Ligand SMILES: [Zn+2]
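As structure tokens, then:
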């Protein structure tokens with residue numbers, strides 16, 4: 005019998021823990037008796053697992069089910085989403101005859117938090133440059149000193165994180181090792197920060213849900229033939245046949261799951277697409293992919309036997325898909341557009357990639373903020389022109 009309770013039971017049997025809130029188990033394991041016994045947390049810790057063992061992921065799962073096409077819902081509803089006690093930045097989908105499980109490692113959530121913090125610092129520097137630096141000022145020395153400080157604010161958090169990666173790999177545990185990986189710039193609202201962390205997790209959950217729906221897990225697991233058809237149509241639409249030809253079977257499945265996840269998160273699959281959801285899909289996918297690539301060193305292909313395509317392939321496919329689903333949206337009142345957000349994320353990603361490459365022995369210099377900033381302006385101008393052309397010159 006296909007039931008959520010079966011999937012849930014299977015997870016807890018496998019990990020040998022009672023069916024309880026992830027945080028209760030974690031506090032007990034870490035010997036935080038004072039937290040477990042604190043009246044203040046009693047209600048929270050007594051919360052009972054339903055779709056997930058973590059209240060926050062439970063809410064995120066319900067939100068994803070809500071965005072799914074009707075024919076996916078019955079299956080998604082019976083999959084248990086576990087916050088797992090593993091420190092590596094990873095997630096996986098597994099299934100047994102009548103149980104489906106998704107595990108999001110706690111280490112991945114820590115990575116989502118760290119990379120969202122890094123992006124917040126980078127974004128704050130972009131805002132500061134746009135608003136406060138006067139490049140026409142004749143006092144170029146002062147301008148350069150201001151720029152030096154802005155560059156430090158943008159890149160130092162990326163740099164300290166780049167240095168943390170060997171430790172994370174050795175300990176098999178992602179953790180914040182520097183205040184710059186935790187502290188937000190003063191202008192960043194905490195609610196915006198947590199919303200972004202949340203959608204990064206949701207993108208990864210959606211990716212794992214898609215592995216289930218597309219029949220990539222156990223063959224006897226109930227998947228949806230229509231899911232396969234829908235995703236194939238989108239792959240044709242964004243014209244990536246050539247890229248797919250160069251990938252092995254496992255890698256193609258990863259591309260399908262990425263594409264499905266972005267479509268699900270943006271509401272495109274259920275005609276629930278909104279502007280806000282497009283932003284969520286763009287931010288969630290890009291920060292998830294850059295975090296996974298940086299933590300694992302998966303920027304470029306290391307051979308045909310890898311299970312996942314390299315970052316540049318996944319990124320290029322996501323970029324085409326974002327363009328496909330958002331170019332028809334008008335530019336907002338303050339000049340905002342999901343593609344504008346995509347460009348900010350591109351700037352951030354190139355800074356992380358360049359920092360890594362400059363130290364990995366490639367013939368690449370450390371990133372320069374002003375170069376990155378002016379490249380982003382060029383991309384923005386290019387986007388505006390294309391958008392104006394596509395919308396018949398009225399934008
Ligand atoms: Zn995958």
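In my numbering, the protein residues as written are 5 to 399.
Even glycine gets a Cβ: it sits at the ideal position worked out from N, Cα and C.
This structure is a prediction, so every number in the text was calculated from the model and none was measured.
Practice task
In angstroms with no decimal places, state the Cα-to-Cα distance between residue 236 and residue 191.
Solution key: If I take the Cα positions, the gap works out to 42 Å.
Handout entry: Limits of the unbroken beta strand (DSSP E) element including residue 96
Key = From DSSP, the beta strand (DSSP E) with residue 96 extends over 95-100.
Problem - Three-state class that DSSP yields for residue 56 in the structure shown - result: Residue 56 falls in the strand class under three-state DSSP.
Practice task
For residue 399, I'd like the list of residues in its chain whose CB is within less than 8 Å of its CB, leaving aside the five on either flank, ordered along the chain.
Solution key: Low local confidence applies: a pLDDT of 45 at residue 399 is under 50, so the model's placement there is unreliable, with the coordinate-based value given in what follows. Setting aside the 5 residues that flank it on each side, residue 399 is surrounded in the same chain by 334, 335, 388, 391 and 392, each with a C-beta closer than 8 Å to its C-beta; the list follows chain order.
Exercise for the section: Assign residue 61 to buried or exposed, taking buried as 16 or more other Cβ atoms, counted over all protein chains shown, within 10 Å of its Cβ. Expected result: With at least 16 other beta carbons inside 10 angstroms of its own, residue 61 counts as buried.
Handout entry: As assigned by DSSP and simplified to three states, the class of residue 329
Key = The three-state secondary structure of residue 329, taken from DSSP, is helix.
Practice task
Verify the contact flag: residue 260, CB atom, against every heavy atom of ligand 1, threshold strictly below 6 Å.
Solution key: Closer than 6 Å to some heavy atom of ligand 1: that does not describe the Cβ of residue 260.
Problem - Nearest-angstrom Cβ-Cβ length linking residue 174 and residue 295, presumed shorter than 8 Å - result: That pair is no contact at about 18 Å.
Practice task
Just grab the DSSP bridge partners of residue 83 for me.
Solution key: Answer is 104.
Practice task
Whole angstroms is fine: what's the gap from residue 7's alpha carbon to residue 46's?
Solution key: If you draw a straight line from the Cα of residue 7 to the Cα of residue 46, it comes to about 29 Å.
Problem - Straight-line gap, residue 170 to residue 337 (C-alpha atoms, nearest Å) - result: Approximately 45 Å, taken between the alpha carbons.
Practice task
For residue 104, decide whether its Cβ has a neighbour in chain C, counting only Cβ atoms nearer than 7 Å.
Solution key: No chain C is part of this structure, which consists of one protein chain only.
Practice task
Could you tell me whether the Cβ atoms of residue 266 and residue 297 are closer together than 7 Å?
Solution key: Not in contact: residue 266 and residue 297 (Cβ atoms no closer than 7 Å).
Problem - Collapsed DSSP secondary structure at residue 284 in the structure displayed - result: DSSP, reduced to helix, strand and coil, places residue 284 within a helical segment of the structure shown.
Exercise for the section: Spell out the partners DSSP gives residue 109 in its beta bridges. Expected result: Answer is 88, bridged to residue 109.
Problem - Burial state of residue 376 (16 or more Cβ within 10 Å) - result: Counting Cβ neighbours within 10 Å, residue 376 comes out buried, since at least 16 surround it.
Handout entry: Inter-stretch contact (C-beta, 8 Å, three-pair minimum) for the segment 64-80 and the segment 32-41
Key = When C-beta atoms of the segment 64-80 are compared with those of the segment 32-41, fewer than three pairs fall below 8 Å, so the two segments do not count as touching.
Practice task
Examine the Cβ distances between the segment 312-320 and the segment 248-256 and report whether three or more of them are shorter than 8 Å.
Solution key: Yes, they touch.
Problem - Beta-carbon proximity list for residue 124, same chain, < 7 Å, skipping 5 on both sides - result: Excluding the 5 residues flanking it on each side, residue 124 has same chain C-beta neighbours closer than 7 Å at 188, 189, 192 and 197, in chain order.
Practice task
Identify, in the order they occur along the chain, each residue of the same chain with its Cβ nearer than 7 Å to the Cβ of residue 139, setting aside the five sequence neighbours on each side.
Solution key: The residues are 147.
Problem - With 16 other Cβ atoms within 10 Å as the buried cut-off, status of residue 113 - result: Per the 10 Å Cβ criterion, buried.
Practice task
Assign residue 399 to one of three DSSP states: helix, strand, or coil.
Solution key: Confidence in residue 399 is poor, its pLDDT being 45 and thus under 50, which makes the residue's placement unreliable; the coordinate value appears in the next sentence. Residue state, collapsed to three classes: coil.
Practice task
Compute the beta-carbon to beta-carbon distance between residue 11 and residue 83, rounded to the nearest angstrom, for a pair I have assumed lies under 8 Å.
Solution key: The pair is a contact, with the Cβ atoms about 6 Å apart (cut-off 8 Å).
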